[in-house]
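There are 2 protein chains.
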Amino acid sequence: MEAQQPNQHIQPAPAELAPTERTRHRRLREQGSALVSDLDGILRDGFVCHLGVTVDGTPMVVPTVYGVDFDRRTLYLHGSVASRSLVRAPRATVCVTVTHIDGLVLARSVFEHGVNYRSAMIYAVPRQVTEEDELLHGLRILTEHCAPGQWDYARRPSAKELAATSLLALPLDEASVKTASGPPQDADGPDGRLGLWAGVVPVHTRLGAPESDPALPEGIAVPDHVTAWGTGRAG
Amino acid sequence: MEAQQPNQHIQPAPAELAPTERTRHRRLREQGSALVSDLDGILRDGFVCHLGVTVDGTPMVVPTVYGVDFDRRTLYLHGSVASRSLVRAPRATVCVTVTHIDGLVLARSVFEHGVNYRSAMIYAVPRQVTEEDELLHGLRILTEHCAPGQWDYARRPSAKELAATSLLALPLDEASVKTASGPPQDADGPDGRLGLWAGVVPVHTRLGAPESDPALPEGIAVPDHVTAWGTGRAG
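One line per chain: the protein sequences are A and B, in this order.
Under this note's numbering, think of the first position of the first sequence as 20, with each following residue one higher.
Under this note's numbering, think of the first position of the second sequence as 20, with each following residue one higher.
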């Protein structure tokens with residue numbers, strides 16, 4: 020049997036079920052991903068995360084900027100926002116969530132309405148960065164992630180400013196990625212015959228034209244690297 | 020002394036210190052607010068929050084849509100995202116954070132870089148909505164908050180769909196509002212004489228043109244209420 024079984028040239032079964040007609044749309048619309056490239060794409064496309072910490076047993080969710088050293092698989096963020104919880108529970112796990120809203124999904128039924136999004140949740144025990152070289156490195160990563168070109172353009176942190184800076188490093192080892200995309204899923208059922216419009220209203224986040232500080236002396240132009248953000252860079 | 024004291028016509032001291040030249044900029048740029056109108060404005064301008072729950076002592080931050088009944092001071096959101104934590108700790112406080120990123124603040128120094136934002140954090144013990152009238156009411160509030168006009172346009176939930184819907188109600192009693200706005204603050208100090216450009220790069224979130232479901236039969240136009248979102252409505 021073994022040598023002659025007709026299935027011997029069939030490829031190994033994939034780790035996921037092949038979608039059927041019934042499951043296809045939902046699978047396409049909302050799914051998890053274990054791909055590092057998907058995680059990195061979501062992190063690259065944003066600069067604000069929502070940091071979740073536990074303070075006296077109660078969750079606290081705070082928006083804050085972040086930067087990623089993709090080579091060292093490390094996310095950096097300012098420690099001041101989480102200082103209270105970190106002092107009380109220095110070895111506690113935090114959750115960092117980065118979300119992009121891509122569209123409102125308008126189905127024929129209220130029940131099938133939804134949102135197209137890309138979201139990454141990272142769980143990690145944050146490490147307080149204390150060594151000056153890594154502090155400078157992390158601040159450069161953070162600055163260049165949020166405002167590329169500004170590390171070389173603006174005045175870098177002084178020793179006094181470095182001493183006043185709290186920076187956290189989080190390994191990107193444990194993450195959950197979820198995305199939803201595509202049109203609504205109720206075209207095939209009875210709702211598809213209601214004669215109602217259905218589709219997606221995209222949500223776009225874009226950078227606008229730079230607005231100079233009113234206190235700026237005349238004759239100082241917007242630097243080229245900042246002007247360049249306006250073309251194509253998402254917020 | 021009492022009747023003749025020279026200060027008798029002076030107004031009561033305000034609850035906040037009057038800003039001095041030294042504190043003015045920072046106070047203008049980043050501040051808390053206790054105004055209900057500020058909280059409501061932030062909630063009106065968005066439809067996605069980050070819900071923080073505690074699962075086995077660890078914070079979990081999940082993006083989800085919300086709607087607000089401003090008259091009853093109640094926020095509604097889908098319960099499915101928090102189901103695991105709610106089953107284990109039904110009386111636990113959750114944190115709901117709504118954030119709008121308005122701009123990147125580019126200062127003369129890296130240290131003074133920041134983000135203009137508006138953010139509301141709401142703490143509440145969620146109540147599972149079980150009564151059918153409130154379930155319908157809450158779903159209408161949620162739908163109309165995210166997609167105004169769709170409650171009347173799309174097919175409303177069936178009894179079976181209602182039974183499959185988990186909805187949470189949160190009172191808007193305990194909230195913290197923080198905002199940052201305005202230009203960078205380092206024009207007046209020595210960094211103001213570095214000759215560097217400084218200012219704000221605005222971040223805009225807008226709805227794009229509706230994209231019809233490819234499975235839509237021909238001849239079904241985008242309804243007027245959806246077309247109207249494109250003009251002025253933020254995402």
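The beta carbon of each residue, even a glycine, is placed where N, CA and C say it ideally should be.
*asked:* Suppose the cutoff is 6 Å on Cβ atoms and the five residues either side in sequence are ignored; what does the same chain contact list for B:R146 look like?
replied: A188
*Please work out which residues of its chain come closer than 7 Å, Cβ to Cβ, to B:M140, disregarding the five sequence neighbours upstream and downstream, and give them in chain order.*
C114, T116, A194, S195
*State the start and end residues of the unbroken beta strand (DSSP E) segment that holds B:L226.*
218-226
*Take B:Y85 as the anchor and find which of B:I160, B:S185, B:W248 has the nearest alpha-carbon.*
B:I160
_Excluding the 5 residues flanking B:L215 on each side, which residues of the same chain have their C-beta closer than 7 Å to its C-beta?_
R127
*Work out the CA separation of A:V55 and A:R91 for me, nearest whole Å.*
13 Å
*Leaving aside the five residues before and after B:G65 along the sequence, list all residues of the same chain whose C-beta is less than 7 Å from its C-beta, in chain order.*
V117, H119
*Does the stretch 225-240 of chain A come close enough to the stretch 234-241 of chain B to have 3 or more Cβ pairs within less than 8 Å?*
no
*asked:* Using the Cβ count rule (16 or more neighbours within 10 Å means buried), how would you classify A:V246?
replied: In the sequence as presented, Val is not what sits at residue 246 of chain A; that position holds Thr. Answer is exposed; the Cβ neighbour count stays below 16.
_3 or more residues per run - each beta strand (DSSP E) lying fully within the stretch 120-146 of chain A_ = 133-143
*May I ask you to verify whether the stretch 200-215 of chain B touches the stretch 129-138 of chain B, counting CB pairs closer than 8 Å and requiring at least 3?*
yes
*the stretch 206-215 of chain B contacting the stretch 204-213 of chain A, beta-carbon criterion three pairs below 8 Å*: no
*Are any of the Cβ atoms in chain B nearer than 9 Å to that of A:P145?*
no
*asked:* Let me confirm a value: A:A151 is counted as buried when at least 16 other C-beta atoms fall within 10 Å, else exposed. Which label applies?
replied: A small fix is needed here, since residue 151 of chain A is Glu in this sequence, not Ala. Counting Cβ neighbours within 10 Å, A:E151 comes out exposed, since fewer than 16 surround it.
*Alpha carbon to alpha carbon, how far is A:S273 from B:F130?*
Residue numbering for chain A in the displayed model covers 20 to 254; residue 273 of chain A lies beyond these limits and cannot be assessed.
*asked:* Which residues does DSSP list as the beta-bridge partners of A:C114?
replied: A:G71, A:Y142
*If you check the beta carbons only, do A:V87 and A:H69 fall under 9 Å apart?*
no
*asked:* Would you say A:Y172 lies against chain B (beta-carbon separation less than 9 Å)?
replied: yes
*Could you list the residues in the stretch 210-221 of chain A with a C-beta less than 8 Å from some C-beta on chain B, going in chain order?*
D210, G211, L213, G214, L215, W216, A217, G218, V219, V220, P221
*asked:* Pop quiz: B:V220 and B:G122 are said to be a contact at Cβ under 8 Å. What is the actual Cβ separation, rounded to whole angstroms?
replied: 6 Å
_Selection from A:T73, A:A217, A:D192 that minimises the alpha carbon distance to A:R110_ = A:T73
*Check B:L96 in the structure and name its three-state DSSP category.*
strand
*asked:* I need the straight-line Cα distance from B:V144 to A:S231, nearest angstrom please.
replied: 44 Å
_According to DSSP, B:K197 sits in a beta bridge with which residue or residues?_
B:G51, B:S138
*Are the C-beta atoms of B:R110 and some chain A residue less than 9 Å apart?*
no
*asked:* So the candidates are B:F89, B:G71, B:V124, B:P78; which of them puts its Cα closest to the Cα of B:G98?
replied: B:G71
*Report the partner residues of A:V87 according to the DSSP bridge assignment.*
A:L94
*May I ask you to list, following chain order, the residues of the stretch 218-245 of chain B that have a beta carbon less than 7 Å from some beta carbon of chain A?*
G218, V219, V220, P221, V222, H223, T224, R225, L226, G227, P229, E230, S231, D232, P233, A234, L235, I239, A240, V241, P242, V245
*Within the same chain, show all residues whose beta-carbon is closer than 6 Å to that of A:C165, passing over the 5 residues directly before and after it, in chain order.*
F66, V84
*Neighbour flag for A:A126 against chain B, beta carbons, 9 Å*: yes
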